[in-house]
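Only one structure is covered here, and it is reproduced in the block below.
Chains as they are written, first to last, in our numbering: chain X, 3 to 321; chain R, 3 to 321.
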């Protein structure tokens with residue numbers, strides 16, 4: 003929950019005077035999102051989200067993120083559409099932070115995932131991949147296999163505070179993934195953070211996708227692997243193959259996976275589990291004393307990783 | 003900024019199934035308010051605020067607060083209107099907290115106060131006093147003169163951490179106020195916390211009053227005295243008599259102050275300054291280490307108190 007940078011009514015009015023979006027009628031900080039400061043802005047015309055990008059988002063990457071949302075919205079995808087100011091800029095500055103106004107999306111994210119949600123999610127993800135195919139900008143995925151060793155080394159032997167032997171286990175897994183990580187899979191623009199809180203639903207169907215601030219250019223199937231981890235495990239840690247099957251089936255109603263993509267899925271799932279394990283581990287070991295945002299438990303992803311390590315090929319994922 | 007008690011989509015849906023307010027289309031925690039957890043709920047019909055009352059609000063007082071909002075809304079005042087569930091209840095329970103759904107009010111609160119805002123505020127306050135005159139419930143003001151000594155004693159000699167001699171100065175002021183505190187002034191239902199963040203404006207005019215969780219039965223003029231403190235001082239600590247004059251003039255366009263009320267204003271202003279000084283002092287001395295909500299500076303109200311101590315009668319307030 004987060005408003006890191008306050009914005010006063012006067013600051014807002016001055017900032018929005020450069021937009022053709024009507025008169026502001028209401029303005030409130032939103033207690034969602036852990037990376038940026040978000041405000042809900044109602045005007046005489048519509049409802050918008052004002053985002054101030056905090057330091058965890060690199061400002062060099064913002065044109066990619068904002069450009070991608072614009073591209074996807076132009077293609078008819080339901081995602082926040084950046085609203086240009088009168089001079090055409092979609093990225094501006096407010097209170098020393100890069101800032102953007104985007105359209106508000108109706109919908110709610112679900113904490114308890116039904117299998118049918120996974121089917122709708124799969125189809126929406128594939129539509130996003132298809133719509134993003136001709137997006138001209140690229141951004142390397144700095145949280146893919148090449149980025150994991152620096153993360154592990156930054157955690158170092160402190161990792162064993164979580165449990166004895168964790169560092170060695172992760173080091174071994176990482177060595178394995180570095181050797182077998184698939185290359186040559188179909189690539190494109192992926193979301194790379196499609197967790198349930200970034201997917202809105204209305205009446206059981208996906209109504210919108212938000213939070214493109216990890217989006218990058220990478221193997222399309224890796225987005226699916228992330229969702230196998232984020233959507234298909236039960237709260238007790240067990241893997242729900244029905245949800246996985248719904249996810250990949252929904253995906254393939256829009257875009258068929260190649261044989262290489264299907265074969266790579268177990269490795270991609272291991273890699274994506276390790277990626278979230280490592281970032282959570284790092285945050286766990288490095289969060290400031292008394293911080294308001296409690297870091298997420300890295301062990302949840304260790305359990306997921308162990309499932310993938312023992313999975314018997316892509317059939318385990320409903321493929 | 004605050005969502006103390008999280009509410010999941012499932013919990014929300016189950017709770018709202020008992021209301022006739024349409025289907026939920028969007029749901030977000032709001033980073034406003036320091037006492038309760040607030041959520042913005044959009045439905046196919048309208049927009050609402052869901053409030054979960056946290057422990058600082060006594061549940062015994064909730065029927066008074068919710069009943070008052072209902073009464074004032076019935077009289078045409080622009081304040082949140084409690085929405086009853088299908089069985090007629092406006093106060094229910096969600097996640098172990100008392101909870102209410104109220105209508106959403108358009109408008110924004112202003113950080114930088116223009117004199118004209120004070121005029122509109124004065125008129126809106128008087129309308130609230132008139133509309134509340136026949137509200138049948140009563141609630142003692144436990145933060146009026148009888149409540150100040152226990153607060154001061156709870157702060158005790160620790161007060162001198164703020165500055166040497168503060169305890170004695172406050173003790174002397176309190177003794178004086180206990181002797182001269184006016185009785186017999188016209189009483190009724192007052193808001194008792196009409197700070198700028200509780201008053202919404204649209205186009206320079208008050209569009210709504212919120213946050214009735216300090217409302218009580220007390221001298222009507224005391225509400226004005228609170229606003230003299232909360233609205234009529236400049237950021238540099240100086241008193242702006244133009245704003246004060248606008249405030250009392252606006253008020254008297256709706257309800258004329260009696261001679262006794264006008265005469266009592268300097269004492270009421272001193273008392274209200276002491277009241278906020280004491281609660282801020284207590285919070286300052288007792289806030290938990292590393293707490294997210296930074297307590298407000300008690301010395302701001304010490305400076306205001308000193309102004310009132312040296313004020314030359316009610317003329318100093320534009321009366």
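Idealized CB from N, CA, C, for every residue including glycine.
Note that the coordinates shown come from a computational prediction; the quantities given were computed from them, not determined experimentally.
| query | result |
| --- | --- |
| Identity of the residue in X/263, X/38, X/303 nearest residue 356 of chain X by Cα | No information on residue 356 of chain X is available, as it lies outside the stretch 3 to 321 that chain X covers here. |
| Residues sharing a beta bridge with residue 44 of chain R, DSSP | R/28, R/49 |
| Cβ-based neighbour list, residue 42 of chain X, same chain, cut-off 6 Å, excluding 5 preceding and 5 following | 30, 32 |
| Buried versus exposed call for residue 3 of chain R [16 or more other C-beta atoms within 10 Å across all chains shown] | Below a pLDDT of 50, predicted positions are generally treated as unreliable, and residue 3 of chain R, at 40, falls in that range; the measurement from the model is reported next regardless. It is buried - the Cβ of residue 3 of chain R has at least 16 other Cβ atoms within 10 Å. |
| is_contact[residue 3 of chain R, chain X] using C-beta, thresh 9 Å | Confidence in residue 3 of chain R is poor, its pLDDT being 40 and thus under 50, which makes the residue's placement unreliable; the coordinate value appears in the next sentence. It does: the Cβ of residue 3 of chain R has a partner Cβ on chain X nearer than 9 Å. |
| Any 3 or more C-beta pairs closer than 8 Å across the region 120-134 of chain R and the region 242-254 of chain R | yes |
| Coarse secondary structure for residue 317 of chain X, derived from DSSP in three states | helix |
| Element boundaries [alpha helix (DSSP H), containing residue 322 of chain X] | With chain X running from 3 to 321 in the structure shown, residue 322 of chain X is simply not present. |
| Under 9 Å (Cβ pairs) to chain R, residues found in the region 98-109 of chain X | 106, 107, 108, 109 |
| Cutoff 9 Å: residue 2 of chain R Cβ touching any chain X Cβ | As displayed, chain R neither begins before 3 nor continues past 321, which places residue 2 of chain R out of reach and without an answer. |
| DSSP-derived helix/strand/coil call for residue 228 of chain R | helix |
| Contact between the region 41-59 of chain X and the region 100-113 of chain X (3+ Cβ pairs under 8 Å) | yes |
| CB contact below 9 Å: residue 14 of chain X versus chain R | yes |
| Rounded C-alpha distance that separates residue 1 of chain R from residue 304 of chain X | Outside the shown range of chain R (3 to 321) lies residue 1 of chain R, about which nothing can therefore be said. |
| Opening and closing residue of the beta strand (DSSP E) in which residue 96 of chain R lies | 94-96 |
| Helix, strand or coil at residue 267 of chain R [DSSP, three-state] | helix |
| Contact between the region 215-223 of chain X and the region 61-74 of chain X (3+ Cβ pairs under 8 Å) | yes |
| Euclidean distance between Cα positions of residue 267 of chain X and residue 183 of chain X | 11 Å |
| Beta bridge counterpart(s) of residue 142 of chain R as assigned by DSSP | R/219 |
| 9 Å Cβ cutoff met for residue 70 of chain X and residue 139 of chain X | yes |
| C-beta contact flag for residue 97 of chain R and residue 9 of chain R at 9 Å | yes |
| Chain-order list of residues whose beta-carbon lies under 7 Å from that of residue 137 of chain R (same chain, five-residue window excluded) | 70, 73, 191 |
| Buried/exposed call for residue 100 of chain X, threshold 16 Cβ in 10 Å | buried |
| Where residue 277 of chain R falls, given that 16 or more other Cβ within 10 Å makes a residue buried | buried |
| Under the three-state DSSP convention, the category residue 3 of chain X falls into | Reliability fails at residue 3 of chain X, whose pLDDT of 40 lies under 50, so the model's placement of it is uncertain and the value that follows must be treated cautiously. Coil at residue 3 of chain X, not helix or strand. |
| Residue 114 of chain X at chain R interface by Cβ criterion, 9 Å | yes |
| 7 Å CB neighbourhood of residue 247 of chain X in its chain, flanking five on each side removed | 320 |
| Partner residues on chain R for residue 42 of chain X, Cβ-Cβ distance less than 9 Å | 30, 32, 42 |
| Beta-carbon neighbours of residue 27 of chain X, restricted to chain R and to distances below 9 Å | 108, 109, 110, 204, 209 |
| Minimum Cβ-Cβ distance from residue 10 of chain R to chain X less than 9 Å | yes |
| Straight-line Cα distance separating residue 177 of chain R from residue 7 of chain X | 43 Å |
| The region 81-89 of chain R contacting the region 151-165 of chain R, beta-carbon criterion three pairs below 8 Å | no |
| CA nearest to the CA of residue 38 of chain R, picked from R/111, R/281, R/232, R/102 | R/102 |
| Identity of the residues DSSP links to residue 110 of chain X by a beta bridge | X/203 |
| Buried/exposed call for residue 165 of chain X, threshold 16 Cβ in 10 Å | exposed |
| Selected residue, minimal CA-CA separation from residue 56 of chain X, among X/210, X/279, X/224, X/40 | X/40 |
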